[in-house]
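Residue numbers for the sequence shown follow the numbering used here, beginning at 10 and rising by one.
Below is one structure, written out as structure tokens; comments come after it.
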Amino acid sequence: MHGPTPATTTRTRICPDCDGFATAAITTGTRHDDGTRALLRVDCRACHGTGTAPLRPRLTTADLEVAA
Ligand SMILES: [Zn+2]
């Protein structure tokens, strides 16, 4: 099991959909033969389990429309 990727070290930001909590383990209510719970792991659909999202391109002055 791995933790979320820290958003500060890469050019990414924390996923706004899952807030960095990219994978949820849902118990199915059944148990394996050894007594452990049968879990269903579901990844965030927006970031596919990474917990990060790419940064939006920066707004430059060329992007701004001047009102006349
Ligand atoms: Zn996400």
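Yeah, the Cβ is synthetic: ideal placement off N, Cα and C, and Gly gets one too.
Just so it is clear, the structure is predicted and the values come from calculations on it, not from any experiment.
Item                                                                                      : Value
Closer than 7 angstroms: residue 44 CB and nearest ligand 1 heavy atom                    : no
Coil, strand or helix - residue 69 by DSSP                                                : coil
Residue 31 and residue 52 closer than 8 angstroms at C-beta                               : yes
Expected contact under 8 angstroms - CB spacing of residue 61 and residue 22 to nearest Å : 7 angstroms
Span separating the alpha-carbon of residue 59 from that of residue 66                    : 20 angstroms
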